[in-house]
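Visitor: First, the structure itself, so that you have it in front of you.
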Amino acid sequence: MRASSVRAWAFVHTWSSLISTLFMLLLCLTGLPLIFHHEIDELFGVGDAPAAMAGQAPAPADRIAANALSHHPGKVIQYIGWDQHEPHKVFVILNAAADAPPNDATVTLYDAVSAGTLGPSGNAFMQVMLRLHVDLYAGLPGKLFLGAMGLLLVAAIVSGVVLYWPFTRRLAFGTVRPERARRVAWLDLHNLLGIVTVAWLTVVGLTGVINTLSEPLVAVWKADTLSRMIAGSQADTNAGPPASLDTVVARAKAAAPGMVPGFIAFPGTPFATPRHFGVFLRGTAPLTARLLQPVLLDAGTGAVADSRPLPWYLTALLVSQPLHFGDYGGLPMKVLWASLDLVTIVVLGSGLYLWWVRRRRPAPALRAQVA
1 MRASSVRAWA
11 FVHTWSSLIS
21 TLFMLLLCLT
31 GLPLIFHHEI
41 DELFGVGDAP
51 AAMAGQAPAP
61 ADRIAANALS
71 HHPGKVIQYI
81 GWDQHEPHKV
91 FVILNAAADA
101 PPNDATVTLY
111 DAVSAGTLGP
121 SGNAFMQVML
131 RLHVDLYAGL
141 PGKLFLGAMG
151 LLLVAAIVSG
161 VVLYWPFTRR
171 LAFGTVRPER
181 ARRVAWLDLH
191 NLLGIVTVAW
201 LTVVGLTGVI
211 NTLSEPLVAV
221 WKADTLSRMI
231 AGSQADTNAG
241 PPASLDTVVA
251 RAKAAAPGMV
261 PGFIAFPGTP
271 FATPRHFGVF
281 LRGTAPLTAR
291 LLQPVLLDAG
301 TGAVADSRPL
311 PWYLTALLVS
321 QPLHFGDYGG
331 LPMKVLWASL
341 DLVTIVVLGS
351 GLYLWWVRRR
361 RPAPALRAQV
371 A
């Protein structure tokens, strides 16, 4: 590479890193406890289920819904779902209205067998970590801003890979020179840890960017696929009582054989329509458990209106979520993700240190020392 090309790539690497580093540090620090959110919840006794109920028949969904409404007067149910990792728990999301924003929702856990309440989903500390990690308490603008920071991170990674060879071509791989000046040793460590974690950090960065686009992608799905699904349906417009949830689930399972329900979206929520339930079923194998099949059912009669596979962009969103948090391989995968997260914190911090020291030292003297 010519000197002008090196300077251009160094400019991209420096400024894309500087602009995004503080926010990436925040995401690394908040993401660390989120990796172990199941274990932390269990440590604090969140949603403990009675051991004596294991192996018994699950409670009807209608009973769980009735209990949730009685425990939260004045609220309506937006979603009822089953966690594949914790089959003994059912989560119920309630809000002031069906179309109310998700940040105002109340999430309560119920025992899947007794339908008794298990308390709120997650503790206050984890809720704060989640909001900071997802949207900085700024809703959709916060998500899109973090997505832009993720793209800058990817630019910093690409430019760092391009610069790695010119700066290390005379050194054996893994060389760290502690006998030299402190900045040289930190530069060697920064380059080594950066190139070792480049694949993981690229995957986490890109999947994080995809996750920030969840709301726009769902809006596109509603305007395109969902509108076609309801175009030919004749929903019951009478203001009578809604269909039984157990009937809705049974008919959805019949429309998608071999799949189990993931969650029910109630009429009026973003994943349904004012006249339909949306039942999202998932596979039972490890590779299909994250992929959802939506079934739209009439809110009054429970009849199946339509069922179509999710488009590729929502499938990419669903696949990116476990890759981002590393929660698809059990505790060993979580420990690996946490270790790489800590290494990334060192890479980001050392990059800030190198930039600060460079600003305080004359460039010619520094180049001579490195040479």
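Just so you know, the sequence shown maps onto residues 1 to 371 in my numbering. Ideal Cβ placement from N, Cα and C applies to all residues, glycine included.
Helix, strand or coil for F263 per DSSP?
Guide: Looking at F263 - three-state DSSP - the assignment turns out to be strand.
Visitor: On the CB-based measure, 16 or more other CB atoms within 10 Å of its CB, does T273 come out buried or exposed?
Guide: With 16 or more neighbouring CB atoms inside 10 Å of its own CB, T273 falls in the buried class.
Visitor: Does N95 come out as helix, strand or coil in the three-state DSSP assignment?
Guide: N95: strand per DSSP, three-state reduction.
Visitor: Give a yes or no on contact between the stretch 339-353 and the stretch 181-194, applying the rule of three or more CB pairs nearer than 8 Å.
Guide: yes
Visitor: As a quick exercise: from V209, A172 and A338, pick the residue whose alpha carbon is nearest that of V319.
Guide: V209
Visitor: Could you say which of A96, T108 and E179 lies nearest to G74 if we only look at CA atoms?
Guide: Looking at the Cα atoms, A96 is the closest of the given residues.
Visitor: For P327, count the other beta carbons within 10 Å of its own beta carbon; 16 or more makes it buried, fewer makes it exposed. Which is it?
Guide: Residue identity check: residue 327 is Asp in the sequence provided, not Pro. Label assigned to D327: buried.
Visitor: Helix, strand or coil for S20 per DSSP?
Guide: In this structure, S20 counts as helix in the three-state DSSP scheme.
Visitor: Is it a yes or a no for the stretch 54-73 touching the stretch 174-184, going by three-plus beta-carbon pairs under 8 Å?
Guide: no
Visitor: Thinking C-alpha only, which one of S20, Q293, R308 and L331 is nearest M149?
Guide: The shortest Cα separation from M149 among S20, Q293, R308 and L331 belongs to S20.
Visitor: Give the straight-line distance between the Cα atoms of W165 and K143, rounded to the nearest whole angstrom.
Guide: 34 Å
Visitor: Give the secondary structure of L271 by DSSP, where H, G and I count as helix, E and B as strand, and everything else as coil.
Guide: The amino acid at residue 271 is misidentified as Leu; the sequence shows Phe. Coil at F271, not helix or strand.
Visitor: With a threshold of 8 Å on Cβ separation, who are the neighbours of D246 within its own chain once the five nearest residues in sequence on each side are excluded?
Guide: P60, A61 and D62
Visitor: Do the CB positions of G262 and T269 come within less than 9 Å of each other?
Guide: Result no, Cβ atoms of G262 and T269 do not sit closer than 9 Å.
Visitor: Just the Cα atoms here: how many angstroms apart are L292 and V357?
Guide: 50 Å
Visitor: For the beta strand (DSSP E) that L201 lies in, which residues bound it at each end?
Guide: DSSP places L201 in no beta strand (DSSP E) but in the uninterrupted alpha helix (DSSP H) bounded by V198 to T212.
Visitor: Tell me which residues share the same chain as R183 and place their Cβ nearer than 7 Å to its Cβ, disregarding the 5 neighbours each side in the sequence.
Guide: L354 and V357
Visitor: Out of L132, H72, P141 and L136, state which residue places its alpha-carbon closest to the alpha-carbon of L109.
Guide: H72
Visitor: Give me, in chain order, the residues of the same chain whose beta-carbon lies closer than 6 Å to that of Q372; leave out the 5 immediate sequence neighbours on both sides.
Guide: With the chain covering 1 to 371 only, the question about residue 372 has no answer from this structure.
Visitor: Tell me whether V128 is buried or exposed, calling it buried when 16 or more other Cβ atoms sit within 10 Å of its Cβ.
Guide: exposed
Visitor: Taking all protein chains shown into account, decide if L339 is buried (16 or more other Cβ within 10 angstroms of its Cβ) or exposed.
Guide: The amino acid at residue 339 is misidentified as Leu; the sequence shows Ser. Exposed, by the Cβ-count rule.
Visitor: Of all the options V204, M259 and L342, which has the alpha carbon lying nearest to the alpha carbon of L287?
Guide: Check the Cα spacing between L287 and each of V204, M259 and L342: the tightest is with M259.
Visitor: Given S159, which residues of its chain have a CB within under 8 Å of its CB, disregarding the five upstream and five downstream residues?
Guide: So the qualifying residues of the chain are W9, A10, V12, H13 and S16.
Visitor: According to DSSP, what are the bridge partners of T108?
Guide: V92 and P120
Visitor: Just to confirm my understanding: we take L323, look at its own chain, exclude 5 residues before and 5 after, and list those with CB closer than 8 Å. What are they?
Guide: Correct list, in chain order: V203, V204 and T207.
Visitor: Step through the CB atoms of chain C and report whether any lies within less than 9 Å of the CB of N103.
Guide: Among the chains of the structure shown, chain C does not appear; only one protein chain is present.
Visitor: To the nearest angstrom, report how far apart P87 and A100 are at their CA atoms.
Guide: 27 Å
Visitor: Rounded to a whole number of angstroms, what is the C-alpha to C-alpha distance between C28 and V335?
Guide: 14 Å
Visitor: Mind reading off the beta-carbon distance from V295 to A255? Whole number of angstroms is fine, and I expect it under 8 Å.
Guide: A Cβ-Cβ separation of about 5 Å places V295 in contact with A255 under the 8 Å criterion.
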